[in-house]
Each structure stands twice: as structure tokens, then as C-alpha cells.
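Q:
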Amino acid sequence: MLGLAILPSAQQETTSHVERKFKIGKPYPIVIATASTPPLSGKDKTEDLTWKKHVIESGESLAIAFDNIGLDGKTLHSLINTDANTDANTKQLERLSPGNILQFGFSKEGKLVELHQPRNHLETLIVRHDGNTFTSEMDKKEIETHTNFSHATIETSFWSAADKAGLTANQIMEIAALFGWDIDFALDIRAGDKFEVLFEQHYLDGNPVDRGEILAATFTNMGKTFTAVRNNDGKYYDKDGRAMRKAFLRSPVNFRYVSSNFNPRRLHPVTGRVKPHRGTDYVAPVGTPIWAAGDGVVLESAYNKYNGNYVFIKHSAKYVTKYLHLTKRMVKKGQRVKQGDTVGTLGGTGRVTGPHLHYEFLVNGQHKNPRTVDLPQANSLSGNEQVTFKKQAKQQLEYIQQLSTLLTNNDILLN
Ligand SMILES: [Zn+2]
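Numbers 1163 to 1577, taken from my numbering, label the letters of the sequence shown in order.
#1: Is it the case that the CB of S1422 approaches a heavy atom of ligand 1 more closely than 7 angstroms?
#2: Under 7 angstroms from any heavy atom of ligand 1, does the C-beta of H1430 make it?
#3: Can you tell me where the beta strand (DSSP E) holding M1300 begins and where it ends?
#4: Could you have a look at G1506 and say whether DSSP puts it in helix, strand or coil?
#5: Three-state secondary structure (DSSP) at Y1561?
#6: Pull up the CB-CB distance for V1473 and R1491, whole angstroms please, since I reckon it's below 8 angstroms.
#7: Is the Cβ-Cβ distance between N1393 and F1268 less than 8 angstroms?
#8: Count Cβ pairs between the stretch 1427 to 1443 and the stretch 1515 to 1525 that sit closer than 8 angstroms; are there 3 or more?
#9: How would you label Q1103, buried or exposed, when you count the other beta carbons within 10 angstroms and need 16 or more for buried?
#10: In this structure, how does DSSP classify I1351 when only helix, strand and coil are distinguished?
#11: Please classify I1337: does DSSP put it in a helix, a strand, or coil?
#12: Kindly indicate which three-state DSSP category E1279 falls into: helix, strand or coil?
#13: Is the beta carbon of D1301 sitting closer than 8 angstroms to the one on I1288?
#14: Would you report the Cα separation of I1305 and F1361, rounded to the nearest angstrom?
#15: Please list the terminal residues of the continuous beta strand (DSSP E) segment that includes F1381.
#16: Determine whether the beta carbon atoms of L1508 and V1415 lie at a separation below 8 angstroms.
#17: Compare the Cα-Cα distances from P1370 to each of T1387, S1223, M1406, G1328 and report the closest residue.
#18: So, for K1188: in the same chain, excluding its five sequence neighbours on each side, which residues have a beta-carbon less than 6 angstroms away from its beta-carbon?
#19: Taking 8 angstroms as the cut-off, does the stretch 1446 to 1453 touch the stretch 1422 to 1435 (at least 3 CB pairs, one atom from each stretch)?
#20: Between which residues of its own chain and Y1468 is the CB-CB distance below 6 angstroms, once the five residues before and five after are set aside?
#21: Can you find the residues in the same chain that come closer than 6 angstroms, C-beta to C-beta, to A1324, ignoring five residues on each side of it along the sequence?
#22: Output yes or no for whether 8 angstroms exceeds the beta carbon distance between F1341 and F1381.
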């Protein structure tokens, strides 16, 4: 449904035009302006009516409201027994709540000609008197979805660049989560990094109301470009159909800082002999939850005087992760865990100089640097689904490329 549908097409161009703003630091909305609001219905009989707006008060029935507005019971009766339009059944008028609005339109002679009741921000019940009887219809406004684009180069922080580029807080968080598997947004962002985002914008009566889904995005971090494209399944994949989500979290704790990195040739400060540091030490407050880095089965959950409380998780024949010095262990040997499950809390048990998480990542029994090891992707697309996705992703990324070039060029021209 997405993909082709959002790309500019011949039939779209006949009813829309593209409006761009090229001020540096402002959003670049591709506003597709709509024609003026259409008449409420095919009938254009809104001759000079005098309108009275009435707000329903607590305990006020339709009969009382009619009485208050100066209308008789006969009018009310014929109005609520009008044609059985299932879509705009006037009997529903009897189920009023405080705060509901009724708008009465009277002719010069003081006769009720129209009654409008907004049901929500999209629907309004309209009842009309055509000389003989009342007829009803539901006027429905439609939310239109258009594609919008935003891009920027980071000068200080991702947040401020994205904010200036017109993205919402939700969108900024979403992008950070999308690329958070590949980029550490706390440590790796540099001036000169850039991003491009293609997203849905909802319009009501030609006015932008809210944002829809992010359709595709790119993020260039220290010269390396990552892409994310939304698939019909609602998940994001890179241009080749590999899941953005990885099989492992890069770090299994929300840490303050790294106190000691992986170092296979670390020298012992006293003996001067090689005493490898086979994991990463993450520092965070005692009690901070420690997450399972990936789905797996608990291989060991125990205590000894060196490791303190420790948990080992086996993820497949190939991968094992180890979590040491915990205050509390929260899983048992043999238990199945999902990525992100809390397996324990950070502590200072065992042989340590201060509280931290010592985290190890083993591939085929060999210790790897947890911060740099290549993490396998989770659930990638395959077969026909992958073929279809790649085509769609290619088009969207080309579209991003075009917009990006176009807007940059215009920026230069205007300056
Ligand atoms: Zn350590």
C-alpha cells in the first residue's frame, strides 16, 4: 500500500501542487495544497439562514433543548422520525451528552430549515427541511495523507538539528530508536552527520493536522550512511531487507560510562604480566536493571567469590553473553529469556573495586569486544517479500535522493 502510492504520480499532480520553503533551518514541507473546502453536500441550499448555536447542558434532553430554543414538539417528532438513513440516523440525536453542540438554522419566517450536530472532528450530522419533510445525511471530512520530507546536517546535537528541521519530538525519538541499533546516539554523533526523513503528513481541510508514519530515513554518521525503510508489515528494514533490529542489544544496561574496555593484552598494574580484560565494564547506579542482550536460555545463574552474582545466557549454538557482579539475579538456570528482559540488577558483588557490570560477548567460544563485535540482524525478509521490499525501498531512497538534491540546490540559489 505504501511505496508506489506515496510517490508523486500523474493523477496526483492534477489536483495538487508542491510548495516548498527554502529558508535554511526551516522545515521543507512538501505541502500539497487542497482546493477550498467543498460544500457540505450536493445541495447548495444554504440561503440566508439565521444560526443559533446551542450547547447541551447536564441533564438536558433533546426535547428540553428544542423547548429552550423555541421549537415545538411536532417539529421535534418529525425531525427524529425522518428517513431511515442508516448512516445519519436522526434518532441518534436523542442520545445527547453535555457539551454536545446543536446548530439550528432558521429561515426568515422563523422556520427550522437545518440542524447540524458535529459528532467528532470528522463527522457532522446534517438534517434539512426540504419544504415537506426532513432528510438527513452525515457529512464526512476525510483525512488526506501526503508525503513530507525533512533533512538537515548536524552542527551541535541530533535533537536540535532535527527540531530545527521541523521534526516532532516523537519523530526524533523514533529515528533514534530506528538507527540506535547501528549508531550510539549518546557517544557517536558528530558535527557533519546528517539525516533525511520521508514521512506521512495528515491534512484535514487542507490544513496539516498530525504526522503519520516515517516511511524511509537515512542517517549518515561519521561518513557511513545507514538506511531504514518501512515495510507493509510495519517494521523497518535496511535497503536489502535486513531488519533494523539486531539480534543483540549493543549494551545490556543504560550506562553512565565505560570504566574499562575490552583489552586482550591488558597488563596487570602490579605484576606487569598480561591479564586480559575479556569484557566491557559499564558503570551505572547500583540496582540499575541489566537486560538480556538477546533471546536465549539461561546457561548459569549462580554466585562465586570472583564473579559475585552472575548470569550466563546461551543465544544459539554460536553466541553466549555473560553478566557479572550483579546485586540480584532475577532468572534461573534453564529459563527462556527475551531480548530486553531484566536478568538482574547492577552491583558490586565478587572481586571488584567498585560497582559495575562486567559484560562479555562470546562468538563460538571466543571473547569479542562487546562494543565493536558485528551483531547479527534479527528476522530479515526473504523470498518474494524481500524482492518486493527491495524494489519499494529503492524507489523511496531514490525519491529521498532527488528531494535532497533539489532542496540543497535551491538553498544555494536563494543564497
Ligand atoms: Zn571487567
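Quick reminder that beta carbons are idealized off the backbone N, C-alpha and C, glycines included. All figures in this text were calculated on a predicted structure; none of them were measured in a lab.
A: The short version:
#1: Yes, Cβ of S1422 sits closer than 7 angstroms to a heavy atom of ligand 1.
#2: Checking the Cβ of H1430 against ligand 1 gives no.
#3: It spans 1296 to 1302 - the beta strand (DSSP E) in which M1300 sits, taken as one unbroken run.
#4: It is a strand residue.
#5: Looking at Y1561 - three-state DSSP - the assignment turns out to be helix.
#6: About 6 angstroms separates the Cβ atoms of V1473 and R1491, confirming a contact at the 8 angstroms cut-off.
#7: No.
#8: Remark: three or more beta-carbon pairs, one from each stretch, lie closer than 8 angstroms, so the stretch 1427 to 1443 and the stretch 1515 to 1525 are flagged as touching.
#9: This structure cannot settle anything about residue 1103, because the visible part of the chain is limited to 1163 through 1577.
#10: Coil.
#11: Three-state result, I1337: helix.
#12: For clarity, residue 1279 is Gln in the given sequence; the question names Glu instead. Annotated three-state conformation of Q1279 is strand, per DSSP.
#13: Their beta carbons are under 8 angstroms apart, which means D1301 touches I1288 by this criterion.
#14: Approximately 15 angstroms between the Cα atoms of the pair.
#15: If you look at F1381, you'll find it in the beta strand (DSSP E) that goes 1369 to 1383.
#16: For L1508 and V1415, yes; Cβs fall inside 8 angstroms.
#17: Nearest Cα to P1370 within the set T1387, S1223, M1406, G1328: G1328.
#18: Low local confidence applies: a pLDDT of 35 at K1188 is under 50, so the model's placement there is unreliable, with the coordinate-based value given in what follows. The beta carbon of K1188 sits closer than 6 angstroms to no other beta carbon from its chain once the five residues preceding and following it are set aside.
#19: Under the 8 angstroms Cβ criterion, the stretch 1422 to 1435 does not count as touching the stretch 1446 to 1453, having fewer than three qualifying pairs.
#20: If we look at Y1468 and ignore the five residues flanking it on each side, its Cβ neighbours are G1512, R1513.
#21: For A1324, where only same-chain residues beyond five positions count, the Cβ hits under 6 angstroms are I1334.
#22: Contact flag set, yes.
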